[in-house]
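Only one structure is covered here, and it is reproduced in the block below.
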Amino acid sequence: MADTDEAGERRVPAPRLVRLGRRSAARVAFTIDDEAAEGFEGDTLLTAILTNRSDLGAIGPDPRRRAGFCLMGICQDCWVRLADGRRVRACTTRLEPGMAVLLEAVEVHW
Amino acid sequence: MSPLPTVVIVGAGPAGIAAARRLAEAGLRPMLLDREPAVGGQILRQQAPGIELPPLPGFDPAAGPRMRSDLEALRDRIDWYPSTTVIAIEGNRLWAIGPSGEIDSTGWDRLLVCTGAHDRLVPVPGWTLPGVVTLGAAQIALKTQGCAVGRRIAFVGTGPLLYLSAAQHVAAGCDVAVVADTSGVGDAAAAVAGLLGDRARLALGLRCLRILARAGVRRVRRVTALAVEGDDRVTGLVIHAGRRRTTFPCDAVAIGFGLVPQTQLLDLAGVELAPESRSGLWLPVLDAAGRTSMPGVYAAGDGATLAGAEAAGLMGERAALAVLEDLHLASDRDRAAWLDRELARHAGLARALARAFPFPTRLEESIDDATVICRCEGVTAGAVRSAVGEFDAGEVNRLKALTRCGMGRCQGRICGPVLARLVARASGRSLAEVGRLRAQAPVEPLPARTRRADAADATP
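So the protein sequences, as listed, match chains A and B.
In this text, residue positions in the first sequence follow numbering that gives the first Met the number 0: the first is 0, and each later residue adds one.
In this text, residue positions in the second sequence follow numbering that gives the first Met the number 0: the first is 0, and each later residue adds one.
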């Protein structure tokens with residue numbers, strides 16, 4: 000979610016996840032709400048999204064924003080839409096090159 | 000010659016793999032179904048390639064690949080189905096969704112359920128905020144993805160995982176705001192005494208405490224209340240201990256209060272479950288070898304009895320021997336007797352750990368009315384309490400229908416035990432009386448496009 004600071008400038012909150020250590024895996028390009036984003040080979044989709052964004056938006060009937068919770072496919076708090084019409088559980092889905100994630104989109108047409 | 004009996008194992012963690020190996024050695028050809036693409040279960044989740052982390056206490060990055068190569072060696076003697084999630088069981092048949100997204104089914108002569116466990120939660124104010132994750136989640140992010148769930152992380156809850164996860168994060172170079180435990184020092188003495196029988200685990204525990212002490216991490220014990228602060232993301236953790244109230248600024252909170260066994264498939268298989276007195280959790284009723292109340296259905300690992308990864312492997316092997324015995328095939332009585340002795344020892348250790356890190360029942364009973372307990376449906380503790388009074392309801396499935404608590408995507412895996420406690424407390428009934436949320440097939444959410452494998456030619 001883009002916040003606005005006192006001067007009215009757009010302030011994007013820091014990504015939720017922080018990569019540690021050294022990484023030699025290949026980079027993987029994908030998009031989040033049509034903006035170019037980058038992850039690494041071996042990332043889950045959740046890792047790829049949350050190293051670029053602060054949260055996933057609302058997930059279900061509850062309007063509160065979420066950012067994953069159990070990361071092991073139990074809590075179902077990280078289902079996201081892809082532009083090709085799929086809905087996937089981000090923590091148990093591998094990042095694939097060219098994936099187009101839709102977080103803020105309310106209506107999806109395909 | 001009669002065909003080999005079909006033995007299906009669900010879950011390729013330490014229990015499932017040990018069972019598969021033993022059954023294959025006995026000349027059977029077990030089917031091993033696992034939700035994950037790689038074997039090892041949660042405990043031995045494999046690290047993504049190309050990540051270099053400093054050494055972490057209690058984590059051997061080679062253990063996952065080792066287990067995978069162990070299984071590869073068995074490859075031509077078992078039928079291994081990775082990325083395959085069992086979603087329904089009826090009679091002697093189960094249905095699973097595979098990597099192609101299609102549903103297929105198989106019958107079985109014997110079913111061994113090794114579905115493991117996940118974190119147990121107590122809802123606290125702010126626990127749905129982005130930045131709050133389970134202790135297990137923080138570990139998965141770190142160990143398998145090489146990521147920290149925040150820049151300054153507070154660890155709160157109870158259990159060995161609280162200290163292990165915090166120490167692993169310190170070792171990886173993360174900033175740990177606090178380690179806050181709901182159990183007390185007296186409980187810890189019980190842990191040390193109980194763990195004297197297991198030098199390796201005791202040594203690991205002491206090593207974690209040393210890592211935390213050397214990094215100067217604040218530790219708080221006997222936490223009686225807590226709350227996560229923040230509007231649209233975590234900004235701090237408030238801890239009450241004794242008469243002191245302290246706020247620890249942080250941007251992430253890792254929280255967990257022990258584990259909950261995943262009993263949904265056992266429930267669908269018709270296995271008798273009963274509430275365990277200490278934890279209040281519903282566990283399968285088992286004999287020492289892992290036989291359930293349903294003939295032909297067995298359970299092993301943390302999904303059956305919470306005793307850790309090493310014991311899970313032993314339970315898996317013991318259940319496999321029971322399967323062989325029950326099929327009147329050559330078993331190994333000496334090995335079974337040895338396993339029984341080892342499992343009794345592990346049960347003792349598990350009891351000591353449960354005494355050392357008791358589940359904070361009072362924290363659970365005193366959840367604020369305004370706090371959401373069902374993350375999926377956004378149902379508050381107050382909504383559940385007032386429904387108990389308004390409808391004179393004292394059974395959890397009734398409360399689910401009345402409030403939608405436990406009706407969402409996770410099917411009550413996170414809120415189920417909490418709902419039971421609140422209903423018991425509000426209605427003056429026991430946990431046995433209020434019951435448990437019944438598992439419903441499919442036990443995991445299915446995409447609308449899911450089809451049956453044999454319906455591939457049907458009109459889409």
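A virtual CB, placed ideally from N, CA and C, is assigned to each residue, including glycine.
Measuring alpha carbon to alpha carbon, tell me which residue in B:124, B:418, B:26 is nearest residue 463 of chain B. Residue 463 of chain B cannot be examined here, being either before or after the span of chain B that is shown, 0 to 459.
Taking only three categories from DSSP, how would you classify residue 35 of chain B? coil
Who pairs with residue 80 of chain B in a beta bridge, going by DSSP? B:32
Anything in chain B within Cβ reach of residue 17 of chain A, meaning under 9 Å, just list it in chain order. 146, 147, 148, 149, 150, 173
Chain B within 8 Å of residue 63 of chain A, Cβ atoms only: yes
Short Cβ contact (8 Å threshold) for residue 151 of chain B with residue 174 of chain B: yes
How is residue 345 of chain B classed by DSSP in three states: helix, strand or coil? helix
At the level of alpha carbons, what is the spacing between residue 31 of chain B and residue 311 of chain B? 16 Å
In chain order, each alpha helix (DSSP H) run of at least 4 residues that lies wholly inside the segment 190-249 of chain B: 198-213
What residues from the segment 112-129 of chain B come within 7 Å of chain A, judged by C-beta to C-beta, listed N to C? 117, 118, 127, 129
Proximity winner among B:133, B:147, B:296, relative to residue 157 of chain B (alpha-carbon distances): B:133
For residue 139 of chain B, return the contacting residues in chain A, with the cut-off set at a CB-CB distance below 7 Å. 70, 71
Is residue 66 of chain A close to chain B, meaning its C-beta is less than 8 Å from at least one C-beta of that chain? yes
Pull up the DSSP beta-bridge partners for residue 297 of chain B, would you. B:111, B:290
Please state whether DSSP places residue 152 of chain B in a helix, a strand or coil. strand
Specify whether the segment 395-409 of chain B and the segment 87-102 of chain B touch according to this definition: at least 3 beta carbon pairs, one from each stretch, less than 8 Å apart. no
Counting only runs that start and end within the segment 21-96 of chain A, where is the beta strand (DSSP E) found for 3 or more residues in a row? 26-31, 34-39, 78-81, 86-88
Does the segment 16-32 of chain A come close enough to the segment 46-62 of chain B that 3 or more CB-CB pairs lie under 8 Å? yes
Under a Cβ-count criterion, where at least 16 other Cβ atoms within 10 Å of its own Cβ denotes burial, should residue 327 of chain B be classed as buried or exposed? exposed
Helix, strand or coil for residue 456 of chain B per DSSP? A caution first: residue 456 of chain B carries a pLDDT of 46, below 50, which makes its placement in the model too unreliable to give a value.
Let me know the secondary structure DSSP gives residue 117 of chain B once reduced to three states. strand
I need the DSSP call for residue 11 of chain B, collapsed to helix, strand or coil. coil
Is residue 302 of chain B near residue 260 of chain B, with beta carbons less than 8 Å apart? yes
In the structure shown, what three-state DSSP assignment does residue 18 of chain A receive? strand
Give the interface partners of residue 132 of chain B over in chain A, defined as CB-CB distance under 9 Å, in chain order. 66, 67, 68, 69, 70
By how many angstroms is the C-alpha of residue 84 of chain A removed from the C-alpha of residue 106 of chain A? Below a pLDDT of 50, predicted positions are generally treated as unreliable, and residue 106 of chain A, at 49, falls in that range; no measurement from the model is reported.
Which runs of the beta strand (DSSP E), 3 residues or longer, sit entirely within the segment 259-284 of chain B? 272-274, 281-283
Going along chain A in order, which residues have a C-beta closer than 7 Å to the C-beta of residue 96 of chain B? Under the 7 Å cutoff, chain A gives no residues; its nearest Cβ is about 12 Å from residue 96 of chain B.
According to DSSP, is residue 403 of chain B part of a helix, a strand, or is it coil? coil
With a cut-off of 8 Å, do at least 3 Cβ pairs link the segment 362-381 of chain B to the segment 399-408 of chain B? yes
CB contact check: residue 413 of chain B to chain A, cutoff 8 Å: yes
Compute the Euclidean distance between the alpha carbons of residue 179 of chain B and residue 224 of chain B, then round it to the nearest angstrom. 11 Å
In terms of residues, what are the limits of the beta strand (DSSP E) holding residue 312 of chain B? Segment 308-325 is the alpha helix (DSSP H) holding residue 312 of chain B; no beta strand (DSSP E) there.
Please list, in chain order, the chain B residues whose beta carbon lies closer than 9 Å to that of residue 20 of chain A. 50, 51, 52, 53, 145, 171, 172
DSSP state of residue 358 of chain B mapped onto helix, strand, coil: coil
Between residue 11 of chain B and chain A, is any beta-carbon pair separated by less than 8 Å? no
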